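Under the working numbering, the first residue of the sequence shown carries the number 182, and numbering increases by one thereafter. Built from N, CA and C at the ideal position, the CB exists for glycine as well. In this text the structure is predicted, and so the values were computed from the model without any measurement.
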Amino acid sequence: MKSLIHLGKRFCFDRRGVAAMEFALISPVLVLLYMGSVETITGVDVNRKLDRASTMMSALLTQEKDTITKAKITDVMNLATATLLPYTRDTPKITVTSIVVGTDGVAKVEWSRRRVNGVESRPFTKGTIVALDSNVAIKNTSVIRVDMTMAYVPLIAWTITKTVSKADGTAAIGLDLTQQAYGRVRIGQSTKCSDC
């Protein structure tokens with residue numbers, strides 16, 4: 182019995198294990214902070230890449246002379262998708278729309294292309310009236326609008342409760358990242374698409 186009391190006193194006054202106990206208590210918090218900061222930085226990086234990709238697409242497409250083809254638009258979409266690598270948890274939904282503002286100030290679709298999960302389509306018919314910001318809708322001009330949407334799906338989503346639809350049709354917990362870029366046609370009045 183005496184040795185048990187002696188062992189208890191020795192344990193109470195021994196300070197050698199304090200650092201190990203403190204580390205054992207604080208390490209889960211440090212791991213959570215690290216993982217949260219990594220996911221936050223990754224989300225901001227993906228959003229920045231999405232912004233750059235949409236701006237790059239509008240800049241490349243507005244440099245075309247008079248006529249563009251579906252193949253050229255597809256090439257630019259492929260390039261924009263490649264700039265988002267190495268993030269591969271989702272593919273972007275890309276919509277490219279050529280908008281002509283007439284003398285009456287009404288903005289109408291000239292041509293449009295959309296890619297969702299590798300499948301391309303025409304989202305708007307020619308002549309569809311679209312809303313443009315007053316800073317963009319200048320009479321007798323043409324702009325190319327690029328809309329890119331992507332579901333950011335973090336590896337660990339403790340606090341995110343929103344369900345997003347990915348490009349492949351599946352649902353996941355994450356955030357919708359959306360970027361829109363306008364580019365004014367640089368050469369000529371408007372950029373036509375010969376086979377859109």
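{"Check": "Inter-stretch contact (C-beta, 8 Å, three-pair minimum) for the segment 278-294 and the segment 304-318", "Outcome": "yes"}
{"Check": "Residues that DSSP places opposite residue 363 in a beta bridge", "Outcome": "326"}
{"Check": "Beta strand (DSSP E) segments (min. 3 residues) lying fully within the segment 271-343", "Outcome": "274-282, 288-297, 300-302, 322-333"}
{"Check": "Reduced DSSP category for residue 377 - H, G, I as helix; E, B as strand; rest coil", "Outcome": "coil"}
{"Check": "Extent of the continuous alpha helix (DSSP H) run through residue 240", "Outcome": "199-243"}
{"Check": "Residue span of the beta strand (DSSP E) that contains residue 352, given as start and end", "Outcome": "352-354"}
{"Check": "Per-residue burial, residue 202 [other beta carbons within 10 Å of its own, 16 or more giving buried]", "Outcome": "exposed"}
{"Check": "Beta-ladder partner(s) of residue 159, from DSSP", "Outcome": "Here the chain covers residues 182 to 377 and nothing more, so residue 159 does not appear."}
{"Check": "The alpha helix (DSSP H) enclosing residue 368, as first and last residue numbers", "Outcome": "No alpha helix (DSSP H) contains residue 368, which DSSP labels as neither H nor E."}
{"Check": "Local Cβ density within 10 Å of residue 360, reported as buried at 16 or more and exposed below that", "Outcome": "buried"}
{"Check": "Backbone secondary structure at residue 248 - three-state DSSP", "Outcome": "strand"}
{"Check": "Pair within 8 Å by beta-carbon distance, residue 279 and residue 362", "Outcome": "no"}
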